[in-house]
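Notes for the one structure printed next.
In our numbering, the protein residues as written are 846 to 1295.
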């Protein structure tokens, strides 16, 4: 492989292009891999022996939906700590069930789906929707199938609202049935076509495969409306999946930026993009698994470091758990903590919770705030209103696997888990600047000060 810092400076992918490609978790991981390939990183495989060298970039995938990229330290003498940024590839959506085709009156066909994560269901009504995901194709034997990705760019379906004439209470609060109300309608099936196997036939035609070679698939529904800049001052971006793909984009962009600076480093930079955060992280590709510890240990072993040095490296390492935060909503200011109001456009947000839902403590908050200040980036704080239960994220889950120091942070957004969320363009640039500085601090700002 060519050393990333010896290649011509790679122009990283724009956030809008990244979001357009990353319509579901598998496509988000594929887009990250594309960015890393273009930047000169080498792909590794879990079944192979790793022969990694100092100062070079590598990555490995897990389940086609999680990516772990790293640039090794330029020197392996002594203890080599890790600088880690973690984020996640998945977002709330609808997953297609097996035998999904349901025929209704007039041969109108709908698809049987299951809710993934915790979306704001009402925001999915009356939108142009399509399908994307992973297709499992017959391989050399039962244990080794091939994987293909599929994405239908044109709208295939919609979830129409029930007319207000049939539901006069819809604006007064309405309990939405996930099984009845949220099934997407794909259209009127021709008389000569059977509903059974319709989706498999559609996928086969799209990929140019024989129907009998398609063994299974993981397909999700996505909104085909792409990212848009909004606001009288063009200061916001609105799109689905900003939580957490904006942090994924910032992390990968920052890793590439750092290696393009052509500076030596005495630490290993790591970007860990997990899947299934929205459902608790309890999968082999989730933060609740030992996958990150597995990757870090393999790096350590391939660099001929001892187990004791690995433990010492972990003790001197630092992680930024990057998952977006709730920005203060101008119409619901009372929902926020009385003294901590993260505002869109005012910089990254440090997330704090007294009951340890986040990994942040005073030390790690101070470290991240210092990183931001050195990068010329403003910083804010988020704490839940004490009468409101908050969620958790990657940081505290990962620290149950590896005793890392670190901070939970994100960019402030509106309408988290809506089909379309809103974020600040300035904040995204701030986050990239802070992350790049985290990956490139040297000399008097070395890892010993973290």
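For every residue, glycine included, the Cβ atom is placed at its ideal position computed from N, Cα and C. Keep in mind that this is a model prediction, so the values were computed, not measured.
Query raised in the report: Residues bridged to residue 1259 by DSSP?
Result: Counted from its first residue, the chain shown places residue 1259 at position 414. Under DSSP, the beta-bridge partners assigned to residue 1259 are 1267.
Query - According to DSSP, residues forming a beta bridge with residue 1084 - result: The residue you call residue 1084 lines up with position 239 of the chain shown. Residue 1084 is bridged to 1266.
Requested in this report: May I ask you to list the residues that DSSP assigns as paired with residue 1044?
Outcome: In the chain shown, counting from the first residue as 1, residue 1044 sits at position 199. DSSP, once it has assigned bridges, lists no residue as partnering residue 1044.
Query raised in the report: Looking at C-beta atoms only, is the number of pairs between the stretch 981-990 and the stretch 1059-1070 that lie closer than 8 angstroms three or more?
Result: Yes, the stretch 981-990 touches the stretch 1059-1070.
Query raised in the report: DSSP on residue 938, reduced to helix/strand/coil?
Result: Position 93 of the chain shown, counting from 1, holds the residue named residue 938. Note: residue 938 maps to strand in three-state DSSP.
Query raised in the report: Excluding five sequence neighbours on each side, which residues of the same chain lie with their C-beta closer than 6 angstroms to the C-beta of residue 1148?
Result: Taking the first residue of the chain shown as position 1, residue 1148 is located at position 303. Cβ within range, chain order: 921.
Requested in this report: Just the C-alpha distance for residue 1025 and residue 947, rounded to the nearest angstrom, thanks.
Outcome: Counted from its first residue, the chain shown places residue 1025 at position 180. Counted from its first residue, the chain shown places residue 947 at position 102. Distance between the alpha carbons of residue 1025 and residue 947: 12 angstroms.
Requested in this report: Go ahead and label residue 1134 buried or exposed: buried means 16 or more other beta carbons lie within 10 angstroms of its beta carbon, across all protein chains shown.
Outcome: Residue numbering aside, residue 1134 sits at position 289 when the chain shown is read from its first letter. Classification of residue 1134: buried, given that the 10 Å Cβ count is 16 or more.
Requested in this report: Give the secondary structure of residue 1285 by DSSP, where H, G and I count as helix, E and B as strand, and everything else as coil.
Outcome: Position 440 of the chain shown, counted from the start, is the residue given in the question as residue 1285. Residue state for residue 1285 is assigned as helix, using DSSP reduced to three classes.
Query raised in the report: Considering only residues of the same chain and omitting the five flanking positions on each side of residue 969, which have a CB-CB separation below 6 angstroms?
Result: In the chain shown, the residue the question calls residue 969 occupies position 124. Excluding positions up to five away in sequence, the list reads 1004 and 1264.
Requested in this report: Measure the CB-CB distance between residue 1182 and residue 1253 and report whether it falls below 8 angstroms.
Outcome: Here residue 1182 corresponds to residue number 337 of the chain shown, with the count starting at 1. Here residue 1253 corresponds to residue number 408 of the chain shown, with the count starting at 1. Pairing residue 1182 with residue 1253 gives a Cβ-Cβ distance that is not under 8 angstroms.
**Report entry** Beta-carbon gap between residue 962 and residue 1104 smaller than 8 angstroms
**Finding:** Here residue 962 is taken as the residue at index 117 of the chain shown, counted from 1. Here residue 1104 is taken as the residue at index 259 of the chain shown, counted from 1. Here residue 962 is not near residue 1104, since their CB atoms are 8 angstroms or more apart.
Query raised in the report: Quick one: what's residue 1300 bridged to in DSSP?
Result: Any answer about residue 1300 is impossible in this case: the structure gives the chain only from 846 up to 1295.
Requested in this report: Would you give the residue range spanned by the alpha helix (DSSP H) that residue 1141 belongs to?
Outcome: Here residue 1141 corresponds to residue number 296 of the chain shown, with the count starting at 1. For residue 1141, the enclosing alpha helix (DSSP H) begins and ends at 1136-1147.
Query raised in the report: Taking buried to mean at least 16 other C-beta atoms within 10 Å of its own C-beta, is residue 1289 buried or exposed?
Result: Against the chain shown, residue 1289 aligns to sequence position 444. Note that residue 1289 has pLDDT 45, beneath the 50 cutoff, so the model's placement of it is unreliable and no number is given.
Query raised in the report: How would you label residue 1084, buried or exposed, when you count the other beta carbons within 10 angstroms and need 16 or more for buried?
Result: Counting from 1 along the chain shown, the entry for residue 1084 is found at position 239. Buried, since its Cβ has 16 or more Cβ neighbours within 10 Å.
Query raised in the report: How close, in whole Å, do the beta carbons of residue 1269 and residue 1119 come, if the pair is a contact with beta carbons under 8 angstroms?
Result: Counting from one through the chain shown, the residue named residue 1269 turns up at place 424. Counting from one through the chain shown, the residue named residue 1119 turns up at place 274. Actually they do not touch by this definition, with Cβ atoms about 25 angstroms apart.
Report task. Give the single residue among 1040, 1248 and 927 whose Cα lies nearest to the Cα of residue 951. Result -> If you number the chain shown from 1, residue 951 lands on position 106. Nearest of 1040, 1248 and 927 to residue 951, Cα basis: 1040.
Requested in this report: Check the C-beta distance from residue 1115 over to residue 1193 and give it rounded, since I have them as a contact under 8 angstroms.
Outcome: Working through the chain shown from its first residue, we reach residue 1115 at position 270. Working through the chain shown from its first residue, we reach residue 1193 at position 348. Contact annotation, residue 1115 with residue 1193: C-beta distance approximately 19 angstroms; criterion of less than 8 angstroms not satisfied.
**Report entry** Candidates 888, 862 and 1067: closest to residue 996 by CA position
**Finding:** For the purposes of this step, residue 996 is taken as residue 151 along the chain shown, with counting starting at 1. Taking the Cα of residue 996 as reference, the smallest distance to any Cα among 888, 862 and 1067 is reached at 1067.
Requested in this report: With residue 928 as the anchor, note down where its beta strand (DSSP E) starts and where it stops.
Outcome: If you number the chain shown from 1, residue 928 lands on position 83. That run of the beta strand (DSSP E) goes 927-933.
Query raised in the report: Near residue 1225, which residues of its chain fall below 6 angstroms by C-beta distance, leaving aside the five closest residues on each side in sequence?
Result: For the purposes of this step, residue 1225 is identified with residue 380 of the chain shown, where counting begins at 1. Same-chain partners within the cutoff: 1187, 1191, 1192 and 1194.
Query raised in the report: Using CA coordinates, which residue listed in 1094, 1001 and 916 is at the minimum distance from residue 1278?
Result: Residue mapping note: residue 1278 aligns to position 433 of the chain shown, counting from 1. Looking at the Cα atoms, 1094 is the closest of the given residues.
Query raised in the report: Do residue 876 and residue 866 have their CB atoms nearer than 8 angstroms?
Result: Within the chain shown, residue 876 is the residue found at index 31, counting from 1. Within the chain shown, residue 866 is the residue found at index 21, counting from 1. For residue 876 and residue 866, yes; Cβs fall inside 8 angstroms.
Requested in this report: Could you tell me which uninterrupted alpha helix (DSSP H) segments, each at least 4 residues in length, are contained entirely in the stretch 1176-1202, listed from first to last along the chain?
Outcome: Every candidate alpha helix (DSSP H) stretch fails here, since none sits fully inside the stretch 1176-1202 while reaching 4 residues.
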